[in-house]
Each structure stands twice: as structure tokens, then as C-alpha cells.
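Trainee: Okay, here's the structure, questions in a sec.
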Amino acid sequence: MALGRLGVWYSTDKLNGSQLGELMKTVEGNGYSAFWYPESRGYESMSLATHLLSKSSKLTIGSSIANIYARDSYTAKRALVSLNDWYDGRFILGLGVSHIPMVEGVRGHHYDKPIPAMRAYLDGINKDVPAGEELPVVVAALGPKMLALSGEKSQGAVPYNVTPRHTKQAAAILGPDKILAVEQKVTIETDAHRARTLGRKELARYMVLPNYRNNWLREGFTEADLANGGSDRFIDAMCLWGDADTVKKGLRAHFEAGATHVCLQPVHADGDFAARDRMLAALADT
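For the record, in the sequence shown the residue sitting at position 82 is 82 according to the UniProt record's numbering, with numbers rising by one throughout.
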């Protein structure tokens with residue numbers, strides 16, 4: 001799958017159907033190549049993909065991520081094949097192991113060891129795929145072992161909540177000819193206090209999840225950086241802020257580190273979709 005340089009990641013659960021359609025027009029109209037969406041407590045991933053694909057004409061739509069505990073590998077594969085048949089090959093299936101609270105607390109499943117669980121799932125996805133053919137599948141990978149598995153059994157990785165330092169390490173592990181689609185939160189805000197307040201609010205739900213915390217510690221952040229809502233150093237890395245040129249420079253750092261695609265996530269005050277759309281317009285030429 002030809003995945004362009006720049007995409008958008010956005011939390012779709014906060015929008016209704018018509019708002020999702022308007023967002024697709026905005027993303028596509030600004031020239032972004034892809035739109036990525038999560039699967040959390042709201043919309044079901046494959047039905048949401050159908051809606052997003054129907055509301056766009058050129059965008060690649062990517063799940064980032066579809067929870068492997070939400071459907072078996074056979075069902076996920078059939079959805080992948082069906083969506084690409086119906087919508088001109090514009091769907092890419094991003095898979096992830098999610099987190100214990102979402103798997104056990106919300107879905108009522110047992111959370112297995114991540115690497116064996118993902119390996120078995122990818123084996124199911126790849127079953128009966130002809131030799132030399134590769135399905136448009138990528139994996140939410142943070143640690144070295146999951147990144148290596150992504151390179152071995154899929155088209156690449158979709159890391160979330162990472163820095164260019166992680167991007168450089170991920171590119172080295174994945175090797176050449178693999179997708180490395182990196183998410184980066186951004187806000188065009190020049191006031192440090194307002195920018196960091198937005199960043200802290202956006203990151204709060206992730207900072208209690210061990211998968212992310214462990215990766216941030218591997219990246220060189222400390223427990224002190226992760227305490228009390230996050231240090232300024234940590235927040236500034238996780239949510240780029242400043243004027244448009246400053247934010248673009250931060251986004252380009254991921255490309256310089258080896259990313260093949262960067263999906264920016266606009267961070268804004270609740271309900272301020274006009275600010276979101278201004279950011280998407282201002283950063284489209286990164």
C-alpha cells in the first residue's frame with residue numbers, strides 16, 4: 001500500500017456521524033494522505049472504518065488500533081479484505097494488544113502476554129496468504145520485541161506516544177522497506193502554560209497505563225518526569241507546541257529519525273473544532 005508522507009490521528013468517539021463526515025472532508029481537503037482512528041469505548045472499529053471510507057474518496061483510512069481482543073483474526077482478515085474490495089484498496093488494518101483495563105475491565109477477556117498473543121493473531125491473519133503477497137497490516141509496537149515482530153509478520157509499525165529518539169530506534173529494528181507511521185500530538189499555541197495544560201489533559205489517560213509508562217522509561221524519561229501530570233520536559237516532548245513553524249520542525253524530526261509517515265494529532269480545548277481545523281490547515285505542508 002502506498003502510504004503518503006503526512007496523516008492525521010484523531011479520537012473519533014467524541015464526534016457523531018455527520019461530524020465525522022465533515023472531518024473527513026477537512027482532512028482530505030487539506031491534502032493529507034491518511035486518517036487514523038482508535039478503538040476504545042465508543043465506535044466499533046470495522047463499522048467505523050466503513051463510515052469513514054464512505055465519507056472520503058482518496059484518503060487511506062487506518063485503524064490505530066483495532067483491538068485484537070475485539071474480534072478473532074479470521075474476522076479481522078475478512079473485514080480487511082472486504083473493505084479494500086469495496087473502497088479501492090484504501091484501508092490499512094492497524095492492530096494492537098491494547099491495555100489490561102480495556103481488555104479485562106471493559107471487555108471481560110483475559111489479557112495474555114503481548115508478544116505471543118500478537119504473534120498468534122498475525123499468524124491467523126497471514127494464514128493462506130500466497131507466498132510473496134502481503135496484506136496491508138501494521139502493528140502498534142513500542143518495545144523492541146514487538147517492533148521486531150511487526151517487521152517479521154506485517155508491513156510495519158504504528159507507534160503511539162513516542163519521540164524521535166524512539167522513532168530512530170524503531171526504524172533500525174524494522175529495517176528498510178517497512179512502514180513506520182508515527183503519531184505525534186501537536187497544538188499551535190505559543191503560551192507555554194496554556195499549551196502544557198492542554199498537553200497534560202490529553203495525556204492524563206495514558207499516564208496510568210503500564211505499556212506507555214514502561215516505554216517512556218526506556219526512552220530516558222524518569223519516574224519524576226511521569227509524576228504529578230508530567231514534567232514540562234515530558235509534556236513538551238509528547239505534545240509539540242508553539243507557532244506553526246516550530247511545530248513543523250518537531251514533526252520533521254520524526255522523518256529525519258526514519259519515520260516513513262507521521263500522523264499528527266491536533267490537541268485543542270474540548271469542542272473547539274475550529275481550532276482543530278485551523279491546525280490541520282496550518283500544518284498540512286510540513
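For every residue, glycine included, the Cβ atom is placed at its ideal position computed from N, Cα and C.
Closest to MET24 by C-alpha separation, out of HIS51, ASP232, ALA274, ALA269, would be which residue?
Mentor: With distances taken between Cα atoms, MET24 lies closest to HIS51.
Trainee: Using the three-state DSSP reduction, which class does GLN169 fall into: helix, strand or coil?
Mentor: Helix, per DSSP.
Trainee: What whole-angstrom Cβ distance do SER73 and TYR111 have, given they're in contact under 8 Å?
Mentor: Not confirmed; about 17 Å, so no contact.
Trainee: Do you know how far the Cα of HIS166 is from the Cα of ILE115?
Mentor: If you take the alpha carbons of ILE115 and HIS166, they lie about 19 Å apart.
Trainee: Do ALA181 and VAL138 come within 8 Å of each other at the CB atom, strictly closer than that value?
Mentor: Closer than 8 Å, so yes.
Trainee: How far does the beta strand (DSSP E) with PHE221 in it extend, from its first residue to its last?
Mentor: Segment: none, PHE221 is in no beta strand (DSSP E) and carries neither H nor E.
Trainee: Go ahead and pull the three-state DSSP assignment for HIS268.
Mentor: In the structure shown, HIS268 sits in coil (DSSP, three-state: anything other than H, G, I, E or B).
Trainee: Kindly list the residues whose CB is nearer than 6 Å to the CB of SER231, restricted to its own chain and excluding five residues on each side of it in sequence; keep chain order.
Mentor: Excluding sequence neighbours, SER231 sits near ASP225.
Trainee: If you measure between the beta carbons of LEU142 and ASN211, is that distance less than 8 Å?
Mentor: The answer is yes: Cβ separation under 8 Å.
Trainee: Among MET207, HIS261, GLU39, which has the Cα closest to the Cα of LEU6?
Mentor: Per the Cα distances, HIS261.
Trainee: Can you confirm whether the segment 49-67 touches the segment 19-39 when touching is taken to mean that 3 or more C-beta pairs between the two stretches lie within less than 8 Å?
Mentor: Yes: the two stretches touch, three or more of their Cβ pairs being nearer than 8 Å.
Trainee: What is the rounded straight-line gap between the Cα of ARG276 and the Cα of GLN169?
Mentor: In a straight line, the C-alpha of ARG276 is about 30 Å away from that of GLN169.
Trainee: With 16 other CB atoms within 10 Å as the buried threshold, where does GLN19 fall?
Mentor: By the 10 Å Cβ count, GLN19 comes out exposed.
Trainee: Along the chain, where does the alpha helix (DSSP H) containing ILE115 start, and where does it finish?
Mentor: Where ILE115 is concerned, the enclosing alpha helix (DSSP H) stretches over 114-126.
Trainee: Determine which residues share a DSSP beta bridge with LEU240 and list them.
Mentor: For LEU240, which the question treats as bridged, DSSP gives the partners VAL186.
Trainee: For PHE273, list the residues DSSP reports as bridge partners.
Mentor: Bridge partners of PHE273: none, in fact.
Trainee: Would you list, in sequence order, the uninterrupted alpha helix (DSSP H) runs of no fewer than 4 residues that lie entirely inside the UniProt domain "Luciferase-like" (3-123)?
Mentor: You should have 17-29, 45-54, 73-86.
Trainee: In or out: ILE173 buried (at least 16 other Cβ within 10 Å) or exposed?
Mentor: When all chains shown are included, ILE173 counts as buried.
Trainee: Just to confirm my understanding: we take VAL97, look at its own chain, exclude 5 residues before and 5 after, and list those with CB closer than 7 Å. What are they?
Mentor: Taken in chain order, the residues that qualify are ILE68, PRO114, ALA117, MET118.
Trainee: Quick check on VAL247: does DSSP put it in helix, strand or coil?
Mentor: Reduced to three states, the DSSP call for VAL247 is helix.
Trainee: Which whole-angstrom value describes the C-beta separation of VAL106 and ARG41, a residue pair presumed to lie in contact below a C-beta threshold of 8 Å?
Mentor: Rounded, the Cβ-Cβ distance is 6 Å, consistent with contact.
Trainee: Rounded to a whole number of angstroms, what is the C-alpha to C-alpha distance between ILE235 and LEU59?
Mentor: Taking the straight line from one Cα to the other gives about 30 Å.
Trainee: How big is the Cα-Cα spacing for GLY220 and TYR87?
Mentor: Near 42 Å, if we compare the C-alpha coordinates of TYR87 and GLY220.
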